[in-house]
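Chains as they are written, first to last, in this note's numbering: chain A, 25 to 256; chain B, 25 to 256. Note that beta-carbon positions come from the ideal geometry of N, C-alpha and C, so glycine has one too. This structure is a prediction, so every number in the text was calculated from the model and none was measured. Below: the structure, in C-alpha cells.
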DNA sequence: GTCTATATGACGATAGAC
DNA sequence: GTCTATCGTCATATAGAC
C-alpha cells in the first residue's frame, strides 16, 4: 500500500533533503573545528538524532567527506563561473588576471576548511571519488579555456604552452592561499599579509606570459598604490 | 645511594635517548599514515611498551606533535644551512635562487609529513610552542639575511623592499610544494609535475626583483633545456 | 623513576528491535 | 528510519608493583 510512484518521489525528495542537511551541518562543524575535527557524533548531536541514524544516509565517515568534497568543489566552481571575464573594455592581461585571481583566492580565504579538504587532503586514507572530483575537473578546464581565450585574443603570447601557463598560475594562487591560511588565517582578502602580494605576483606572471603590447609590459616595480587589492 | 651527579647525568642521558627514539618512531608513523594518522598507541606498539609509559616522556599527544614540529623545523633549517650560497663564481641571481629553491623544495618533497605538520597545520587545536617554532624563525631570518646579502652585492635591485621579496619568495616555494604534494605526492624533485616549474618561476621572480644587469635580464621565454632541474 | 594493569569517555561502526 | 545496545579502538589518566 502507498507504494506508488508519487510516494516514492516524496520519500526520495525527503531523503535528499536530509542528506543535504547532514552535509550543511558537517560543513559547519568543519568550518569551526577544522577538517579533521569533524565527528559523526557531533553531526548527529546538532541534528537531534542518534549517530547510527546517520549511517542510513552515509555508509561511512569517508562517504561524508566525499559529499563534502563534492559540495566544496561545486561551490568554488560556481563562484568562479559566476564571475564573467569581461574583455570588451580593453583591459590589460594584468587587470583581467588579477580579477580572476581575487575571485578564486577570495573564496578560498572565506572557506578555509573546504580549501583544506579540496587542496591539501588532510584526511588519512580519504581520496575523493570520480563523481566528487568532477567539478574540480570542470574548474581546471574552465581555467584552461580562459587562458586559451586570452591567447587567441592576443593577450597571452602565442608561443606560450598552455600547460605551463596553467601550471604556473595554479602554483601562484595556491602559494598565496597556502601561506595566507596557514600563517594568518583570520585576515581578509583585502588586508591579508599574503593576499596583498597578488598584484605584484600577477604582474610578474603577466609580464612573463603576456604578449609584448605596450600596456602589459611596463617595467617599473609595482608601487604601493599598485598593490591595492581590488574590491570588485 | 648512587645519587651523585654522574648517576643523574646517565639517567638524564638515557631519558633523552628514549625521547629521541619516541620522536623517531612517531616521525616514521607520520610518514606512513599522514600527520593525523599518528597514534600514541602505535608508537608504543612499535617500541614494545605500553601506551601509558609514553606519558612519562610526553604529557599529551600535542606535546609529541610539538617535539615533532621542533624536529622537523630543525632538520629543514640544518638542510638549508648546509647548503652554502656561493656567490664567488659570478653566478646570476637566477642561478643562485634556483639552487636555494631546489634545496628547500627538495627537502619538503622528501618529507611530506613534516612539511604538512610545519606548514599546513592539520592537527585541530595544535599550535607549536615558542621553543618548537624557534628553528622556523631562524629559517625565516636566514632567508632574509641571504636576500639582504644579495641586495648588498647588487644582484637584487636596491629599491626592493626585503619584506616583499621574502613574502613573494615564500609564496612561490610554498605554491610549488603545495601543488606537488597534494596532486602528485610520489614524484621526485627532478621529475615532479610542479617542481619542474621552478626554473620558470624563479626566472620570473629574478626578472622582477633582480638588478638590471645584462646576465639576469634575458627576455626570452625559458625553453625546454632551461627547465631542467639541477641535480646538485 | 619506570613500568604494568586498569579505567574512563569519546570515537566510528554494526546488529537488531520497533 | 530511528532507535537501543554493543563492539573495538583511541587518547588520556590513575593506582600501584618493582
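The C-beta of residue 131 (chain B) comes no closer than 8 Å to any C-beta of chain A. For the region 207–231 of chain B, the beta-carbon criterion of a distance under 8 Å to any beta-carbon of chain A is satisfied by 217, 218, 221, 224, 225, 227, 228, 229 and 231. Residue 81 (chain B) sits close to residue 43 (chain B), with the two beta carbons spaced by under 8 Å. Residue 106 (chain B) has a beta carbon lying at 8 Å or more from every beta carbon in chain A. Between the region 127–147 of chain A and the region 138–151 of chain B there are three or more C-beta pairs closer than 8 Å, enough to call the two in contact. Residue burial annotation: residue 161 (chain A) is exposed, with fewer than 16 other C-beta atoms found within 10 angstroms of its C-beta.
Closer than 8 Å to the CB of residue 153 (chain B) there is not a single CB belonging to chain A. Along the length of the region 66–94 of chain A, whole beta strand (DSSP E) runs at least 3 residues long do not occur. A:235 is the residue among A:206, A:235 and A:131 whose C-alpha sits nearest the C-alpha of residue 181 (chain A). Non-local C-beta neighbours of residue 78 (chain A) in its own chain, meaning closer than 7 Å and more than five positions away in sequence, comprise 46, 64, 67 and 68, ordered along the chain. At a cut-off of 8 Å, the C-beta of residue 171 (chain A) has no neighbouring C-beta in chain B. Taking a beta-carbon distance threshold of 8 Å, residue 61 (chain B) counts as an interface residue toward chain A. The C-alpha of residue 203 (chain A) is placed about 29 Å away from the C-alpha of residue 49 (chain B). At a cut-off of 8 Å, the C-beta of residue 175 (chain B) has no neighbouring C-beta in chain A. In the three-state reduction of the DSSP assignment, residue 234 (chain A) falls in the strand class. In the three-state reduction of the DSSP assignment, residue 180 (chain B) falls in the strand class. Annotation: Cβ neighbours of residue 198 (chain A) in chain B (cutoff 7 Å, chain order): 199, 202 and 203.
If you draw a straight line from the Cα of residue 99 (chain B) to the Cα of residue 156 (chain A), it comes to about 37 Å.
Spanning the alpha carbons of residue 115 (chain A) and residue 232 (chain A) requires a straight line of approximately 17 Å.
Taking a C-beta cut-off of 8 Å against chain A, the contacting residues of the region 46–59 of chain B are 57, 58 and 59, listed in chain order. Among the residues of the region 113–142 of chain B, those with a Cβ less than 8 Å away from any Cβ of chain A are 140, in the order of the chain. Not one beta carbon of chain B lies nearer than 8 Å to the beta carbon of residue 167 (chain A). Non-local C-beta neighbours of residue 150 (chain B) in its own chain, meaning closer than 6 Å and more than five positions away in sequence, comprise 86 and 89, ordered along the chain. Secondary structure at residue 144 (chain B): coil, using DSSP grouped into helix, strand and coil. DSSP places residue 209 (chain A) in the coil class of the three-state scheme, outside both helix and strand.
In chain B, no part has a C-beta under 9 Å from the C-beta of residue 33 (chain A); the shortest such distance is about 40 Å. Under the Cβ distance rule, residue 90 (chain B) does not count among the residues neighbouring chain A, no pair being separated by less than 8 Å. Residue 33 (chain A) carries a helical assignment under DSSP once its states are collapsed to helix, strand and coil.
Of all residues in the region 64–88 of chain B, none is placed with a Cβ closer than 9 Å to any Cβ belonging to chain A. The DSSP-derived three-state label of residue 203 (chain A) is helix. In the structure shown, residue 150 (chain B) falls within a coil segment according to DSSP collapsed to helix, strand and coil.
Interface residue (Cβ-Cβ distance to chain A less than 8 Å): residue 145 (chain B) is classified as such. Secondary structure note for residue 123 (chain B): its alpha helix (DSSP H) is the uninterrupted segment 117–134. For residue 148 (chain A), the neighbours in chain B by C-beta distance under 7 Å run, in chain order, 57, 58, 60 and 61.
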